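Asker:
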Amino acid sequence: MFKHHIKIAWRNLLKYKTQSVISILGLTMGVVFFAYGYHWYKFETTYDSFYPDSDRIYHLYGTLKSTGKQIEYGRLPYIAAEKLTLAFPEIESVAVLYPNYGSAFKHGERDLGYPLLEFVDERFLQMFPPKVVTGLVNENSLFNKNEIIVTESFAREYFGTPEDAIGETLVSGYNNSYIIQAVIADPPTNS
1099 MFKHHIKIAW
1109 RNLLKYKTQS
1119 VISILGLTMG
1129 VVFFAYGYHW
1139 YKFETTYDSF
1149 YPDSDRIYHL
1159 YGTLKSTGKQ
1169 IEYGRLPYIA
1179 AEKLTLAFPE
1189 IESVAVLYPN
1199 YGSAFKHGER
1209 DLGYPLLEFV
1219 DERFLQMFPP
1229 KVVTGLVNEN
1239 SLFNKNEIIV
1249 TESFAREYFG
1259 TPEDAIGETL
1269 VSGYNNSYII
1279 QAVIADPPTN
1289 S
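Residues in the sequence shown are numbered consecutively from 1099, following our numbering.
(1) Could you have a look at His-1102 and say whether DSSP puts it in helix, strand or coil?
(2) Under the three-state reduction of DSSP, which class applies to Val-1119: helix, strand or coil?
(3) Am I right that Val-1231 and Glu-1250 are in contact with their C-beta atoms under 8 angstroms? What's the rounded C-beta distance?
(4) Would you report the Cα separation of Phe-1226 and Lys-1115, rounded to the nearest angstrom?
(5) If you draw a straight line from the C-alpha of Leu-1162 to the C-alpha of Gln-1168, how long is it?
(6) Per DSSP, Gly-1052 forms a beta bridge with which residues?
(7) Where in the stretch 1179 to 1229 do unbroken runs of the alpha helix (DSSP H), each at least 4 residues long, occur, reported from the N-terminal end onward?
(8) DSSP puts Val-1129 in a beta bridge; with which residues?
(9) Where does Lys-1140 fall in DSSP's three states?
(10) Thinking C-alpha only, which one of Asn-1244, Glu-1142, Glu-1188 and Ile-1282 is nearest Ser-1270?
(11) Would you call the CB atoms of Glu-1220 and Leu-1240 closer than 8 angstroms?
(12) Shortest alpha-carbon distance to Leu-1158 belongs to which of Phe-1141, Phe-1148, Ala-1178 and Phe-1100?
(13) Does the stretch 1190 to 1197 come within contact of the stretch 1205 to 1212, defined as at least 3 CB pairs closer than 8 angstroms?
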């Protein structure tokens, strides 16, 4: 019985070539778009879900009005963290994160350019505990302003291995020296 159905289907494919090609292409496109849509949906709905208490973490956006246009950006002034915790007692903790703008880095004589670096406060590691590859990360890790934590991909790109990066010194364009104290795993792209 099954062989008979296969034979009839094959004959119809050969008899109605144009219709068959359109049907197969339509089915293929439908499956591809569904797979892409599902992947996009899972990516978008699992932002930061791997952190503890991720359902209680929120990202605040600032709004700037300039020349009649409203611009949203993912940063707030540092003072906003203090003001928010005073104004809303429901807020348990606020972590501050700022990107590195306009400072090139060097390691010895090697120019590292403008690597993607983020400056964070001490509460950041409590809210977003990293997976440590090598080195030491604890609640006091960010109190020393001359120490820096880098990701595994950064360590591999510029130092070869994460272990070789520990203790190395990076110098910013403003002549500030930072000693690498730990290497953490790269965060997922939906973080």
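Glycine is no exception: its CB is placed at the ideal position from the N, C-alpha and C atoms.
Because the structure is a prediction, the values reported are computed rather than measured.
Answerer: Based on what the coordinates show:
(1) One-based indexing of the sequence shown puts residue 1102 at position 4. Of the three classes helix, strand and coil, the one that applies to His-1102 here is helix, per DSSP.
(2) In the sequence shown, the residue the question calls residue 1119 occupies position 21. Helix at Val-1119.
(3) Counting from one through the sequence shown, the residue named residue 1231 turns up at place 133. Counting from one through the sequence shown, the residue named residue 1250 turns up at place 152. Contact holds; Cβ gap of about 5 angstroms.
(4) Residue mapping note: residue 1226 aligns to position 128 of the sequence shown, counting from 1. Residue mapping note: residue 1115 aligns to position 17 of the sequence shown, counting from 1. Approximately 57 angstroms between the Cα atoms of the pair.
(5) By 1-based counting over the sequence shown, the position of residue 1162 is 64. By 1-based counting over the sequence shown, the position of residue 1168 is 70. So the alpha carbons of these two residues sit roughly 6 angstroms apart.
(6) With the chain covering 1099 to 1289 only, the question about residue 1052 has no answer from this structure.
(7) 1222 to 1225
(8) In the sequence shown, counting from the first residue as 1, residue 1129 sits at position 31. Answer is none; Val-1129 lacks a bridge partner.
(9) Mapped onto the sequence shown, residue 1140 falls at position 42. Three-state result, Lys-1140: helix.
(10) The residue given as residue 1270 occupies position 172 in the sequence shown. Answer by Cα proximity: Asn-1244.
(11) Here the question's residue 1220 lines up with position 122 in the sequence shown. Here the question's residue 1240 lines up with position 142 in the sequence shown. The answer is yes: Cβ separation under 8 angstroms.
(12) What you label residue 1158 is simply residue 60 of the sequence shown in a count that begins at 1. That would be Ala-1178, whose Cα lies nearest to the Cα of Leu-1158.
(13) no
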